[in-house]
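Asks:
There are 2 protein chains.
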Amino acid sequence: MDCKVALAECNGNIDKAIDHLRKKGIATAKKRGSRATSQGQVQSYIHAGGKIGVLVEANCETDFTGKTEDFTNFVRDIAIQVAATNPVAIDRERVPEDVLEKEKEIYASQAKASGKPEKVLEKIVEGKLSKFFSEACLLEQPFVKNPDITVQDLLNALIAKTGENIVVRRFVRFQLGESDT
Amino acid sequence: MDCKVALAECNGNIDKAIDHLRKKGIATAKKRGSRATSQGQVQSYIHAGGKIGVLVEANCETDFTGKTEDFTNFVRDIAIQVAATNPVAIDRERVPEDVLEKEKEIYASQAKASGKPEKVLEKIVEGKLSKFFSEACLLEQPFVKNPDITVQDLLNALIAKTGENIVVRRFVRFQLGESDT
Numbered sequence: 000m001d002c003k004v005a006l007a008e009c010n011g012n013i014d015k016a017i018d019h020l021r022k023k024g025i026a027t028a029k030k031r032g033s034r035a036t037s038q039g040q041v042q043s044y045i046h047a048g049g050k051i052g053v054l055v056e057a058n059c060e061t062d063f064t065g066k067t068e069d070f071t072n073f074v075r076d077i078a079i080q081v082a083a084t085n086p087v088a089i090d091r092e093r094v095p096e097d098v099l100e101k102e103k104e105i106y107a108s109q110a111k112a113s114g115k116p117e118k119v120l121e122k123i124v125e126g127k128l129s130k131f132f133s134e135a136c137l138l139e140q141p142f143v144k145n146p147d148i149t150v151q152d153l154l155n156a157l158i159a160k161t162g163e164n165i166v167v168r169r170f171v172r173f174q175l176g177e178s179d180t
Numbered sequence: 000m001d002c003k004v005a006l007a008e009c010n011g012n013i014d015k016a017i018d019h020l021r022k023k024g025i026a027t028a029k030k031r032g033s034r035a036t037s038q039g040q041v042q043s044y045i046h047a048g049g050k051i052g053v054l055v056e057a058n059c060e061t062d063f064t065g066k067t068e069d070f071t072n073f074v075r076d077i078a079i080q081v082a083a084t085n086p087v088a089i090d091r092e093r094v095p096e097d098v099l100e101k102e103k104e105i106y107a108s109q110a111k112a113s114g115k116p117e118k119v120l121e122k123i124v125e126g127k128l129s130k131f132f133s134e135a136c137l138l139e140q141p142f143v144k145n146p147d148i149t150v151q152d153l154l155n156a157l158i159a160k161t162g163e164n165i166v167v168r169r170f171v172r173f174q175l176g177e178s179d180t
């Protein structure tokens with residue numbers, strides 16, 4: 000399944016095509032999610048003349064897919080995404096516990112300060128946490144090159160197209176002169 | 000002080016020139032070692048078509064020096080060095096305690112198995128640890144492009160030439176499919 004086919008099937012309606020790809024992608028991604036990935040690519044992206052640098056490893060199942068243009072473009076897009084957005088982690092499960100606790104504390108005290116009833120406070124904290132995840136987790140972020148989809152959607156579309164399990168395994172981002180984390 | 004001057008002063012004798020630069024470099028490096036570094040570059044190096052990737056940050060004192068060809072070449076050389084040799088840490092102080100303990104244990108039990116007297120055993124362990132550091136610590140390694148000098152010598156020569164404090168601040172190396180460390 001690629002974008003052109005999806006577009007044709009949806010009679011050129013881009014929103015419908017993205018929706019189509021997302022649904023197709025999620026279903027396929029779930030099916031492939033358990034398969035082993037040991038191939039792929041390590042790629043880098045250097046921004047602003049060496050002020051920011053990113054290293055990304057993405058894995059797939061076969062050496063063949065790991066060398067395709069689609070896969071190469073995907074890994075490059077991830078590196079650009081990380082340079083631009085500085086995510087905390089790849090997904091919710093990998094946000095460090097201490098970072099999460101700190102966020103929760105801040106939201107709880109903000110909500111309390113609003114003077115609203117207890118029941119509403121919980122909802123406020125939940126809403127703020129959800130927003131935090133969508134900013135801090137690479138896969139939940141809007142894709143910088145097309146904010147109509149998330150990075151997860153981009154990944155799912157590649158999984159659907161290649162028919163392989165694909166994962167963003169790890170990334171690191173150095174910003175010149177930043178304090179140690 | 001640059002290589003040409005050193006060569007001229009040493010009448011074209013490369014060994015003497017390197018020696019000259021090393022001595023000069025060490026003296027200058029010690030003088031500059033305490034000065035603040037917040038400028039510099041982040042650079043990457045991708046090896047073997049995306050099987051190995053390295054990200055390096057090196058710092059200097061001024062934006063001007065950080066943009067020079069000499070500095071750029073140095074950071075690139077460090078990235079290539081890390082890709083080729085997979086160092087454990089930048090220097091002895093940054094080798095993780097558990098890694099060091101494990102090495103010491105192995106050397107101690109190897110030495111014990113040799114059946115030599117206690118006094119000699121200590122020397123054997125010391126010798127093996129010293130060899131370990133020269134392989135595991137980036138700055139103690141022979142420079143891959145010129146094994147007659149160490150990476151520290153290369154750094155000292157740049158410090159001497161630029162007149163600035165320069166540090167290799169951090170590096171990371173991803174090898175496709177390696178197990179997590």
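Residue numbers (numbering that gives the first Met the number 0), protein chains in the order written: chain P, 0 to 180; chain F, 0 to 180.
Using N, Cα and C, we set each Cβ at its ideal position, and we do this for glycine too.
Only a predicted model underlies this, so the values are computations on that prediction, with no experimental measurement involved.
How about F/Leu120: is its C-beta nearer than 8 Å to some C-beta of chain P?
Replies: The sequence position of residue 120 of chain F within the second sequence is 121, counting from 1. Judged by the 8 Å Cβ criterion, F/Leu120 is not in contact with chain P.
Asks: Measuring straight from C-alpha to C-alpha, what distance separates F/Glu125 and F/Gly162?
Replies: Indexing the second sequence from 1 puts residue 125 of chain F at position 126. Indexing the second sequence from 1 puts residue 162 of chain F at position 163. Rounded to whole angstroms, F/Glu125 to F/Gly162 spans 35 Å at the Cα level.
Asks: Consult DSSP for F/Glu56 and reduce its assignment to one of helix, strand or coil.
Replies: Taking the first residue of the second sequence as 1, we reach residue 56 of chain F at position 57. The answer is strand: DSSP assigns F/Glu56 an E or B state.
Asks: Distance check for F/Gln42 and F/Ser133, CA to CA, integer angstroms please.
Replies: The count along the second sequence starts at 1 and reaches residue 133 of chain F at position 134. The count along the second sequence starts at 1 and reaches residue 42 of chain F at position 43. Straight-line Cα distance between these residues: approximately 24 Å.
Asks: My understanding is that P/Leu154 touches P/Ile165, with C-beta atoms under 8 Å, so please give their C-beta distance in whole angstroms.
Replies: The residue given as residue 154 of chain P occupies position 155 in the first sequence. The residue given as residue 165 of chain P occupies position 166 in the first sequence. Correct: roughly 6 Å between the Cβ atoms.
Asks: If you measure from the beta carbon of F/Arg93 to each beta carbon in chain P, is any gap under 8 Å?
Replies: The count along the second sequence starts at 1 and reaches residue 93 of chain F at position 94. Not closer than 8 Å to any Cβ of chain P, the Cβ of F/Arg93 fails to qualify, so no.
Asks: Just the chain F side, please: which residues come within less than 8 Å of P/Glu56 by C-beta, in chain order?
Replies: Within the first sequence, residue 56 of chain P is the residue found at index 57, counting from 1. Residues of chain F passing the Cβ test: Gly52, Phe173 and Leu175.
Asks: Within the continuous beta strand (DSSP E) that includes P/Gly39, where are the two ends?
Replies: For the purposes of this step, residue 39 of chain P is taken as the residue at position 40 of the first sequence. Looking at the DSSP string, the run of the beta strand (DSSP E) that includes P/Gly39 is Gln38 to His46.
Asks: Please say whether F/Gln140 and F/Gln80 have beta carbons closer to each other than 8 Å?
Replies: Walking along the second sequence from the start, residue 80 of chain F turns up at place 81. Walking along the second sequence from the start, residue 140 of chain F turns up at place 141. Result yes, Cβ atoms of F/Gln80 and F/Gln140 sit closer than 8 Å.
Asks: In the DSSP assignment, the beta strand (DSSP E) including P/Arg169 goes from what residue to what residue?
Replies: Taking the first sequence and counting its residues from 1, one reaches residue 169 of chain P at position 170. Val166 to Gln174 is the extent of the beta strand (DSSP E) around P/Arg169.
Asks: Secondary structure at F/Val4, three-state DSSP: helix, strand or coil?
Replies: For the purposes of this step, residue 4 of chain F is taken as residue 5 along the second sequence, with counting starting at 1. Residue placement at F/Val4 cannot be trusted, given a pLDDT of 49 that sits under 50; what the coordinates show is reported in the next sentence. Three-state result, F/Val4: helix.
Asks: For a contact meaning CB atoms closer than 9 Å, what does P/Ile158 contact in chain F?
Replies: Locating residue 158 of chain P in the first sequence gives position 159, where the first residue counts as 1. Ordered by position in chain F, no residue passes the 9 Å Cβ test against P/Ile158, which lies about 19 Å from the chain.
Asks: Quick check on P/Asn145: buried or exposed, where buried means 16 or more other Cβ atoms within 10 Å of its Cβ?
Replies: As a position in the first sequence, residue 145 of chain P is number 146, starting the count at 1. So P/Asn145 ends up on the exposed side.
Asks: Please state whether DSSP places P/Thr161 in a helix, a strand or coil.
Replies: Position 162 of the first sequence, counted from the start, is the residue given in the question as residue 161 of chain P. P/Thr161 falls in the helix class under three-state DSSP.
Asks: Does the beta carbon of F/Val167 sit closer than 8 Å to a beta carbon anywhere in chain P?
Replies: Within the second sequence, the letter at position 168 stands for residue 167 of chain F. Not closer than 8 Å to any Cβ of chain P, the Cβ of F/Val167 fails to qualify, so no.
Asks: Which residues in chain P sit within 8 Å of F/Gln42, going by Cβ to Cβ distance?
Replies: Mapped onto the second sequence, residue 42 of chain F falls at position 43. The contacting residues are Ile45, Gly49 and Gly52.
Asks: Mind pulling the alpha helix (DSSP H) runs of 4 or more residues that sit fully within the region 84-133 of chain F?
Replies: Those alpha helix (DSSP H) runs which fall completely within the region 84-133 of chain F and span 4+ residues are 96-112.
Asks: Which whole-angstrom value describes the C-beta separation of F/Ala135 and F/Ala78, a residue pair presumed to lie in contact below a C-beta threshold of 8 Å?
Replies: Residue numbering aside, residue 135 of chain F sits at position 136 when the second sequence is read from its first letter. Residue numbering aside, residue 78 of chain F sits at position 79 when the second sequence is read from its first letter. Incorrect: roughly 18 Å between the Cβ atoms, too far for contact.
Asks: In angstroms with no decimal places, state the Cα-to-Cα distance between P/Ala28 and P/Leu128.
Replies: Translated into the one-based positions of the first sequence, residue 28 of chain P becomes position 29. Translated into the one-based positions of the first sequence, residue 128 of chain P becomes position 129. The straight-line gap from Cα to Cα measures roughly 25 Å.
Asks: What is the DSSP secondary structure of F/Thr27, reduced to helix, strand or coil?
Replies: As a first step, residue 27 of chain F is located in the second sequence; it is residue number 28 there, counting from the start. Of the three classes helix, strand and coil, the one that applies to F/Thr27 here is helix, per DSSP.
Asks: With respect to the alpha helix (DSSP H) encompassing P/Thr61, which residues constitute its N-terminal and C-terminal limits?
Replies: As a first step, residue 61 of chain P is located in the first sequence; it is residue number 62 there, counting from the start. Note, P/Thr61: premise wrong, no alpha helix (DSSP H); not H, not E.
Asks: Does the separation of the CB atoms of F/Arg172 and F/Ala57 fall below 8 Å?
Replies: In the second sequence, counting from the first residue as 1, residue 172 of chain F sits at position 173. In the second sequence, counting from the first residue as 1, residue 57 of chain F sits at position 58. Against a cut-off of 8 Å, the Cβ pair of F/Ala57 and F/Arg172 comes out as no contact.
Asks: Can the beta-carbon of P/Gln40 be found less than 8 Å from the beta-carbon of P/Glu60?
Replies: Residue numbering aside, residue 40 of chain P sits at position 41 when the first sequence is read from its first letter. Residue numbering aside, residue 60 of chain P sits at position 61 when the first sequence is read from its first letter. Going by C-beta atoms, P/Gln40 is not nearer than 8 Å to P/Glu60.
Asks: Pick helix, strand or coil for P/Thr180, following the three-state DSSP scheme.
Replies: The residue labelled residue 180 of chain P in the question sits at position 181 within the first sequence. Because the pLDDT at P/Thr180 is just 48, under 50, the model does not fix this residue reliably, and the point stays unresolved.
Asks: In chain order, what residues of the same chain lie with their CB nearer than 8 Å to the CB of F/Thr71, ignoring the 5 residues before and after it?
Replies: For the purposes of this step, residue 71 of chain F is taken as residue 72 along the second sequence, with counting starting at 1. Correct list, in chain order: Gln40 and Gln42.
Asks: Rounded to whole angstroms, what is the Cα-Cα separation between P/Lys103 and P/Tyr44?
Replies: Position 104 of the first sequence, counting from 1, holds the residue named residue 103 of chain P. Position 45 of the first sequence, counting from 1, holds the residue named residue 44 of chain P. Their backbone Cα atoms lie some 32 Å apart in a straight line.
Asks: Check F/Thr149 in the structure and name its three-state DSSP category.
Replies: For the purposes of this step, residue 149 of chain F is taken as residue 150 along the second sequence, with counting starting at 1. Three-state DSSP puts F/Thr149 in a strand.
Asks: Checking 8 Å against the spacing of the C-beta atoms, do F/Leu54 and F/Pro86 come in under that value?
Replies: Taking the first residue of the second sequence as position 1, residue 54 of chain F is located at position 55. Taking the first residue of the second sequence as position 1, residue 86 of chain F is located at position 87. Not closer than 8 Å, so no.
Asks: What are the residues of the region 27-39 of chain P that lie near chain F, defined by any Cβ-Cβ distance shorter than 8 Å?
Replies: Correct list: Ser37, Gln38 and Gly39.
Asks: Suppose you measure from the CA of P/Glu177 to the CA of P/Val98; what does that come to, to the nearest Å?
Replies: Numbered from its first residue, the first sequence carries residue 177 of chain P at position 178. Numbered from its first residue, the first sequence carries residue 98 of chain P at position 99. In a straight line, the C-alpha of P/Glu177 is about 18 Å away from that of P/Val98.
Asks: At the level of alpha carbons, what is the spacing between F/Phe63 and P/Ile51?
Replies: Here the question's residue 63 of chain F lines up with position 64 in the second sequence. Here the question's residue 51 of chain P lines up with position 52 in the first sequence. Whole-angstrom Cα-Cα distance: 17 Å.
Asks: Assuming P/Leu157 and P/Asp69 form a contact by the criterion Cβ under 8 Å, report the distance between their Cβ atoms to the nearest whole angstrom.
Replies: One-based indexing of the first sequence puts residue 157 of chain P at position 158. One-based indexing of the first sequence puts residue 69 of chain P at position 70. Yes, P/Leu157 and P/Asp69 are in contact; Cβ-Cβ is about 6 Å, under 8 Å.
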